[in-house]
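A.B. asks:
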Amino acid sequence: MDLSLTPEQEAFRATVRTWLKTNIPREWTPMGSAEIPRAEQYELLRRWQRTLFDAGFIGLTWPKEYGGGGLTFLEEMVLQQEMALAKAPPILNVLGVGMTGPTVINWGTEEQKKRYPPKILSCEEIWCQGYSEPNAGSDLASLQTRAVKDGEHWVVNGQKVWTSFAHVADYMMLLARTDPSVPKHKGITYFLLDMKLPGVTVKPLRQITGEAEFNEVFFDNVRVHESEVLGGVNNGWAVGLTTLMYERLTLGFGLQMRLRIALDGLIDLARQMEKSGRALTKEPVMRQKLAQIWIETECLKYTGARAITKLLRGEMPGPEASTGKMAWVDTHQRLQELAMEIEGPYSQLWKGSEWAIEGGVWPQSFLRSRANSIEGGTTEIQKNIIAERLLGLPKD
Amino acid sequence: MDFGFSQEQELLRSTARKFLENECTSAFVRARMEEPAGVTDEFWSKLAEQGWLGLVYGEEYGGSGLGFVDLTVLMEEMGRVVMPGPFFATTLLGGLAIREAGSAAQKKEWLTRIASGRAKTTLAWTEPSARWDAAGVTCKARESKGGFVLNGTKLFVLDAHLADALVVVARTSEGPTPEDGTSLFLVPKATSGVNVKLLPTMDQTRKLCEVTFKDATVPADALMGAKGAAWPTLTRVVERATVALCAEMCGGAQRVLDMTTEYAKIRIAFGKPIGTYQGVKHRAADMLVDVENAKSLTYYAAWAVDENAPEAALAASMAKAYVTDAYRKAAGAGIQLHGGIGFTWEHDLHLYFKRAKSSEFTFGDATYHRERVAQLISL
Ligand SMILES: Cc1cc2nc3c(=O)[nH]c(=O)nc-3n(C[C@H](O)[C@H](O)[C@H](O)COP(=O)(O)OP(=O)(O)OC[C@H]3O[C@@H](n4cnc5c(N)ncnc54)[C@H](O)[C@@H]3O)c2cc1C
Ligand SMILES: Cc1cc2nc3c(=O)[nH]c(=O)nc-3n(C[C@H](O)[C@H](O)[C@H](O)COP(=O)(O)OP(=O)(O)OC[C@H]3O[C@@H](n4cnc5c(N)ncnc54)[C@H](O)[C@@H]3O)c2cc1C
Numbered sequence: 147m148d149l150s151l152t153p154e155q156e157a158f159r160a161t162v163r164t165w166l167k168t169n170i171p172r173e174w175t176p177m178g179s180a181e182i183p184r185a186e187q188y189e190l191l192r193r194w195q196r197t198l199f200d201a202g203f204i205g206l207t208w209p210k211e212y213g214g215g216g217l218t219f220l221e222e223m224v225l226q227q228e229m230a231l232a233k234a235p236p237i238l239n240v241l242g243v244g245m246t247g248p249t250v251i252n253w254g255t256e257e258q259k260k261r262y263p264p265k266i267l268s269c270e271e272i273w274c275q276g277y278s279e280p281n282a283g284s285d286l287a288s289l290q291t292r293a294v295k296d297g298e299h300w301v302v303n304g305q306k307v308w309t310s311f312a313h314v315a316d317y318m319m320l321l322a323r324t325d326p327s328v329p330k331h332k333g334i335t336y337f338l339l340d341m342k343l344p345g346v347t348v349k350p351l352r353q354i355t356g357e358a359e360f361n362e363v364f365f366d367n368v369r370v371h372e373s374e375v376l377g378g379v380n381n382g383w384a385v386g387l388t389t390l391m392y393e394r395l396t397l398g399f400g401l402q403m404r405l406r407i408a409l410d411g412l413i414d415l416a417r418q419m420e421k422s423g424r425a426l427t428k429e430p431v432m433r434q435k436l437a438q439i440w441i442e443t444e445c446l447k448y449t450g451a452r453a454i455t456k457l458l459r460g461e462m463p464g465p466e467a468s469t470g471k472m473a474w475v476d477t478h479q480r481l482q483e484l485a486m487e488i489e490g491p492y493s494q495l496w497k498g499s500e501w502a503i504e505g506g507v508w509p510q511s512f513l514r515s516r517a518n519s520i521e522g523g524t525t526e527i528q529k530n531i532i533a534e535r536l537l538g539l540p541k542d
Numbered sequence: 002m003d004f005g006f007s008q009e010q011e012l013l014r015s016t017a018r019k020f021l022e023n024e025c026t027s028a029f030v031r032a033r034m035e036e037p038a039g040v041t042d043e044f045w046s047k048l049a050e051q052g053w054l055g056l057v058y059g060e061e062y063g064g065s066g067l068g069f070v071d072l073t074v075l076m077e078e079m080g081r082v083v084m085p086g087p088f089f090a091t092t093l094l095g096g097l098a099i100r101e102a103g104s105a106a107q108k109k110e111w112l113t114r115i116a117s118g119r120a121k122t123t124l125a126w127t128e129p130s131a132r133w134d135a136a137g138v139t140c141k142a143r144e145s146k147g148g149f150v151l152n153g154t155k156l157f158v159l160d161a162h163l164a165d166a167l168v169v170v171a172r173t174s175e176g177p178t179p180e181d182g183t184s185l186f187l188v189p190k191a192t193s194g195v196n197v198k199l200l201p202t203m204d205q206t207r208k209l210c211e212v213t214f215k216d217a218t219v220p221a222d223a224l225m226g227a228k229g230a231a232w233p234t235l236t237r238v239v240e241r242a243t244v245a246l247c248a249e250m251c252g253g254a255q256r257v258l259d260m261t262t263e264y265a266k267i268r269i270a271f272g273k274p275i276g277t278y279q280g281v282k283h284r285a286a287d288m289l290v291d292v293e294n295a296k297s298l299t300y301y302a303a304w305a306v307d308e309n310a311p312e313a314a315l316a317a318s319m320a321k322a323y324v325t326d327a328y329r330k331a332a333g334a335g336i337q338l339h340g341g342i343g344f345t346w347e348h349d350l351h352l353y354f355k356r357a358k359s360s361e362f363t364f365g366d367a368t369y370h371r372e373r374v375a376q377l378i379s380l
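If you're matching them up, the sequences are chains A and B in order.
Take the first sequence: its letter number 221 is residue 367 in the working numbering, and every next letter is one higher.
Take the second sequence: its letter number 236 is residue 237 in the working numbering, and every next letter is one higher.
Below, the structure written as structure tokens:
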């Protein structure tokens, strides 16, 4: 067991650290909360991702021929740790980088692999994930969006919902039913869909934060060329599961980094706030709560290190790879609740008020955190998966 | 970076598992619960033969010269079978204190005897105040005629009734801070004025004692390390013992999870295995998350201790805070998911439930360690 890095890896860390010092955009004000990209930040974040791409600091684990760095998850881990320390802005094309790229590299034809991944990394093409539908959320396999073959094209009709980034996305990872006559998991195909195709309509949905970060997407006789099928017709379920696996791994690192930034911000906040004449960080109950979140945040780092070790050794990831998301959700939601407790009545002031603390970011990120246990598979579904796949308990 | 166990460590794990499954059965544990000794001579000499009593001592003392990551593997396996007896008190409390603070002569004598199974030791630290900080040390050691005279009461002392010698934390002077003036003494139990009383305990696999010192006189060379400056050493010893304890707790929690999932697969209610129902499934999933997290923090702490990393103290407290909660929750959930059978004396679950509770209050509970984390991260 050895947590130390090789001299080359330490050198990589130093390079990243120096680079971040001079390259984080001056206009970026790191907020205490675990920020997710907001509309007014999109342009800045697009440029930031391009800067990362030009410096080779994104897609580290992807093969070089597809625009990546050809490095290991270790360098990826180091990079994420340094980004957290430097309070770097988040990645705008988060779904493309976290899911589409690895899935295309895993399943794509040579042409697809040359075509898509580089533009995902450079943020030239933003991706969204078209999985959920009004009648297929947790039970994703019962999705009803249809794709019917017509010559060289598939004609898509139906609707997606809760599609994050669809309003800015250039492409969508689309799951559609291509064979309704077979059991539900077997008749689904994975498409790489150009959002500019005629017949695609995006309608923003307002969420509890008041912002419209996700959307409804309607398909009206959208003609997708057959070359945009990923991983074979009727093989979409397997392809989609790969996406989810990568989501857990790569997004996992990113999540840990955002959590770290949020925690540092939270501690700063607690230092500033007073109760009965002393800083909240001196208040025993508050110290207990902050320490607990600190411990859990650190813990995710070591659980991640265990998972990476398995990958580097060429072994299958163990249970520790699957428990990460659940643990993250729980810690992050508690962190955001604690931010409200720290702010007290000030948590009620929304952005726009000169009294609002840090411009009112915490109440906003608090509200946003409610989605954590829903998006990317609800906590209940994660628990079913852990119980059935890892513990071997019988399926219902 | 390689944050996993080596092949040798995996081998140690499988050897330990096989040995303990044969030698430390539920029947063996239960028999030891009923008697004061908590261990048999035969079992103890087998532990010595395996080389486990001196696992972390240098080869010059007949030890194996291994580290805390290796020890973690062994402790997990011992926790898995709720191993009773003075292993922990002897090798990790008394023994480790001697390793860290003893003179060359003390080390030569005692570590060699411990490693070969010929001596047992313990640490007499906490007192009726049940405090884990330096202010809790009120037991006095007064200098007299070239030696020391000890007076006071120690409580919650593990396995003192079995020990040949006790490492005693006593106050030799009052200083500007409570830490100043604390000293360590190596006191043979046969010393006149030392009185040990075995106490009935909830967790019968852990024997706790009251130890009183009434004008107990020891020679000058009983002093371990510099007079009045024992606190940093004691802290170091306790941190290390705490990490080992966390590993033992992880092993116990994992075993409860295993027992519970196995049971949930075979116990039928309403025509189906209870593991089919989400009330059971989700609780089992929560247990798994807790147990995996507990291991992550424990392994990290073991590594930090082996490396003498500056963050070792923080790592130990993070682990103890988390593992304490995780084991208690897992053991509680284990009983719950077994229904009535889990509440019986016959079923082994209560052994784990009680061990989780006794471990909780060994070397600081979760609240104590979270506060320590808060201090170490400068909150
Ligand atoms: C902010 C946000 C962003 C999102 N972005 C995207 C996106 O970009 N692309 C995309 O495709 N989707 C996205 N989603 C959708 C998300 O994946 C779904 O909301 C989620 O999978 C749950 O589906 P549902 O909303 O239909 O809830 P339902 O599936 O109807 O679930 C309702 C409740 O029932 C529970 N439940 C359902 N089945 C079971 C079961 N078998 N056992 C126990 N409990 C069960 C659920 O856990 C939940 O609590 C996003 C959601 C949110 C909130
Ligand atoms: C101290 C004590 C005193 C008792 N006294 C009496 C008494 O005087 N008279 C008497 O008749 N009984 C008595 N009982 C028995 C008690 O009522 C049963 O233990 C209880 O009903 C549970 O049944 P079980 O032990 O068979 O557990 P099981 O039914 O086998 O349950 C095991 C676990 O599975 C869970 N489970 C089972 N089915 C489901 C489901 N559908 N969904 C989700 N979870 C499920 C349970 O909640 C439990 O966690 C006593 C029990 C105790 C502990």
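Ideal Cβ positions, reconstructed from N, Cα and C, are used throughout, including at glycine.
Residues in the segment 326–337 of chain A with C-beta within 9 angstroms of chain B's C-beta atoms, listed in sequence order?
C.D. replies: none
A.B. asks: With 8 angstroms as the threshold, decide whether the Cβ of S297/B is near any Cβ in chain A.
C.D. replies: Your numbering for residue 297/B matches position 296 in the second sequence. With 8 angstroms as the cut-off, S297/B counts as an interface residue toward chain A.
A.B. asks: Given a limit of 7 angstroms on CB to CB distance, which residues of the segment 464–496 of chain A reach chain D?
C.D. replies: In the displayed structure, chain D is absent; the protein chains listed are A and B.
A.B. asks: Should M203/B go down as buried or exposed, given a rule of 16 or more other Cβ atoms within 10 Å for buried?
C.D. replies: In the second sequence, counting from the first residue as 1, residue 203/B sits at position 202. Per the 10 Å Cβ criterion, exposed.
A.B. asks: Under a CB-based cut-off of 8 angstroms, is L412/A close to chain B?
C.D. replies: Your numbering for residue 412/A matches position 266 in the first sequence. So, not an interface residue.
A.B. asks: Within 10 Å of its beta-carbon, does G66/B have 16 or more other beta-carbons around it, so buried, or fewer, so exposed?
C.D. replies: Position 65 of the second sequence, counted from the start, is the residue given in the question as residue 66/B. That one is exposed.
A.B. asks: Determine the DSSP secondary structure at N309/B, reduced to helix, strand or coil.
C.D. replies: On the second sequence, position 308 is the one that residue 309/B refers to. The answer is coil: DSSP assigns N309/B none of H, G, I, E or B.
A.B. asks: When the distance is taken between beta carbons, is L298/B closer than 8 angstroms to Y278/B?
C.D. replies: Here residue 278/B refers to the residue found at position 277 when the second sequence is read from its first residue. Here residue 298/B refers to the residue found at position 297 when the second sequence is read from its first residue. Cβ atoms of Y278/B and L298/B: not closer than 8 angstroms.
A.B. asks: Counting only C-beta atoms, is N309/B closer than 8 angstroms to chain A at any point?
C.D. replies: Your numbering for residue 309/B matches position 308 in the second sequence. At a cut-off of 8 angstroms between C-beta atoms, N309/B does not count as an interface residue with respect to chain A.
A.B. asks: Just tell me which of A327/B, K321/B, Y353/B and D326/B has its CA closest to the CA of L336/B.
C.D. replies: As a working mapping, residue 336/B is identified with position 335 in the second sequence. Note on identity: in this sequence residue 336/B is Ile, with Leu being the wrong assignment. Residue Y353/B is the option with its Cα nearest to I336/B.
A.B. asks: What residues from chain B crowd round Q434/A, counting only those whose CB sits closer than 8 angstroms?
C.D. replies: Within the first sequence, residue 434/A is the residue found at index 288, counting from 1. Under the 8 angstroms cutoff, chain B gives T368, R371, E372 and A375.
A.B. asks: Drop a sphere of 10 angstroms on the beta-carbon of K19/B, count the other beta-carbons inside from all chains shown, and report buried for 16 or more, exposed for fewer.
C.D. replies: If you number the second sequence from 1, residue 19/B lands on position 18. Its Cβ having fewer than 16 others within 10 Å, K19/B is exposed.
A.B. asks: Chain B partners of L231/A, CB-CB under 8 angstroms?
C.D. replies: Along the first sequence, read from residue 1 onward, the residue named residue 231/A stands at position 85. Chain B residues near L231/A: none, gap ~15 angstroms exceeds 8 angstroms.
A.B. asks: Counting only the same chain and skipping the five closest in sequence on each side, list residues whose C-beta sits under 6 angstroms from that of G214/A.
C.D. replies: Taking the first residue of the first sequence as 1, we reach residue 214/A at position 68. Counting only Cβ-Cβ distances below 6 angstroms, and skipping sequence neighbours, we find G205 and W208.
A.B. asks: Decide if V328/A is buried, meaning its Cβ has at least 16 other Cβ atoms within 10 Å, or exposed.
C.D. replies: Numbered from 1 along the first sequence, position 182 holds the residue referred to as residue 328/A. Burial state of V328/A is exposed, judged by a 10 Å Cβ sphere holding fewer than 16 other Cβ atoms.
A.B. asks: What does DSSP give as the partner residues of K456/A in its beta bridges?
C.D. replies: As a first step, residue 456/A is located in the first sequence; it is residue number 310 there, counting from the start. According to DSSP, K456/A bridges with nothing at all.
A.B. asks: Is the Cβ-Cβ distance between P176/A and W194/A less than 8 angstroms?
C.D. replies: In the first sequence, counting from the first residue as 1, residue 176/A sits at position 30. In the first sequence, counting from the first residue as 1, residue 194/A sits at position 48. Not a contact, by the Cβ cut-off of 8 angstroms.
A.B. asks: Since E444/A meets chain B, which of its residues come closer than 7 angstroms, beta carbon to beta carbon?
C.D. replies: Translated into positions along the first sequence, residue 444/A becomes position 298. Within 7 angstroms Cβ-Cβ: M319.
A.B. asks: Looking at M79/B: is its Cβ nearer than 8 angstroms to the Cβ of F88/B?
C.D. replies: In the second sequence, counting from the first residue as 1, residue 79/B sits at position 78. In the second sequence, counting from the first residue as 1, residue 88/B sits at position 87. Yes. Within cutoff.
A.B. asks: Unbroken alpha helix (DSSP H) runs of length 4 or more, entirely within the segment 182–262 of chain A: which are they?
C.D. replies: 188–201, 219–231, 247–253 and 256–261
A.B. asks: With 16 other CB atoms within 10 Å as the buried threshold, where does G343/B fall?
C.D. replies: The residue you call residue 343/B lines up with position 342 of the second sequence. That one is buried.
A.B. asks: Among the residues of its own chain, which have a CB less than 7 angstroms from the CB of T197/A, if the five just before and after it don't count?
C.D. replies: Along the first sequence, read from residue 1 onward, the residue named residue 197/A stands at position 51. Excluding sequence neighbours, T197/A sits near N169.
A.B. asks: What does a CB cutoff of less than 8 angstroms around T355/A pick up in its chain, not counting 5 residues either side in sequence?
C.D. replies: Here residue 355/A refers to the residue found at position 209 when the first sequence is read from its first residue. Q510, L513 and R514, listed in sequence order.
A.B. asks: Select from S117/B, G341/B, A171/B and D349/B the residue whose C-alpha is nearest the C-alpha of A227/B.
C.D. replies: Locating residue 227/B in the second sequence gives position 226, counting from the first residue. Ranking the options by Cα distance to A227/B, first place goes to A171/B.
A.B. asks: I'd like to confirm something about I520/A: is its beta-carbon nearer than 7 angstroms to some heavy atom of ligand 1, or not?
C.D. replies: Along the first sequence, read from residue 1 onward, the residue named residue 520/A stands at position 374. Under cutoff, so the answer is yes.
A.B. asks: Once DSSP output is grouped into helix, strand and coil, what is the label at I99/B?
C.D. replies: Within the second sequence, residue 99/B is the residue found at index 98, counting from 1. In the structure shown, I99/B sits in a helix (DSSP, three-state: H, G or I).
A.B. asks: Report the rounded CA-to-CA distance for E466/A versus K141/B, giving the unit in angstroms.
C.D. replies: Here the question's residue 466/A lines up with position 320 in the first sequence. Here the question's residue 141/B lines up with position 140 in the second sequence. E466/A and K141/B: Cα-Cα distance of roughly 49 angstroms.
A.B. asks: Mind checking who D285/A pairs with in its DSSP beta bridge?
C.D. replies: Taking the first sequence and counting its residues from 1, one reaches residue 285/A at position 139. DSSP, once it has assigned bridges, lists no residue as partnering D285/A.
A.B. asks: Quick test of your reading: T449/A and N294/B, contact by CB under 8 angstroms. State the CB separation rounded to the nearest angstrom.
C.D. replies: Walking along the first sequence from the start, residue 449/A turns up at place 303. Walking along the second sequence from the start, residue 294/B turns up at place 293. Between N294/B and T449/A the Cβ distance is about 6 angstroms, and since that is below 8 angstroms, they are a contact.
A.B. asks: Between which two residues does the alpha helix (DSSP H) carrying Q376/B extend?
C.D. replies: Here residue 376/B refers to the residue found at position 375 when the second sequence is read from its first residue. Segment A367 to L377, the alpha helix (DSSP H) holding Q376/B.
A.B. asks: Hey, quick one: how far does the alpha helix (DSSP H) through L352/B stretch, first residue to last?
C.D. replies: Residue mapping note: residue 352/B aligns to position 351 of the second sequence, counting from 1. It spans L350 to E361 - the alpha helix (DSSP H) in which L352/B sits, taken as one unbroken run.
A.B. asks: Against T325/B, what residues of chain A qualify as contacts under a CB-to-CB distance less than 8 angstroms, listed in chain order?
C.D. replies: Taking the second sequence and counting its residues from 1, the one referred to as residue 325/B is at position 324. The CB of T325/B never comes closer than 8 angstroms to any CB in chain A; the least such distance is about 11 angstroms.
A.B. asks: Applying the criterion that 16 or more other CB atoms from any shown protein chain within 10 Å of the CB defines a buried residue, is T255/A buried or exposed?
C.D. replies: Taking the first sequence and counting its residues from 1, one reaches residue 255/A at position 109. Answer is exposed; the Cβ neighbour count stays below 16.
A.B. asks: Just tell me which of T234/B, E61/B, G153/B and A286/B has its CA closest to the CA of G538/A.
C.D. replies: Here residue 538/A is taken as the residue at index 392 of the first sequence, counted from 1. Measuring from the Cα of G538/A, the nearest candidate turns out to be A286/B.
A.B. asks: Under 7 angstroms between beta-carbons, which chain A residues line up against V290/B? List them in chain order, please.
C.D. replies: Residue numbering aside, residue 290/B sits at position 289 when the second sequence is read from its first letter. Those are T469, M472 and A473, listed as they occur along chain A.
A.B. asks: Considering only residues of the same chain and omitting the five flanking positions on each side of T218/B, which have a CB-CB separation below 8 angstroms?
C.D. replies: Locating residue 218/B in the second sequence gives position 217, where the first residue counts as 1. Cβ contact annotation for T218/B (same chain, cutoff 8 angstroms, sequence separation greater than five): S145, G148, F149, V150, L151, T192, S193 and G194, in chain order.
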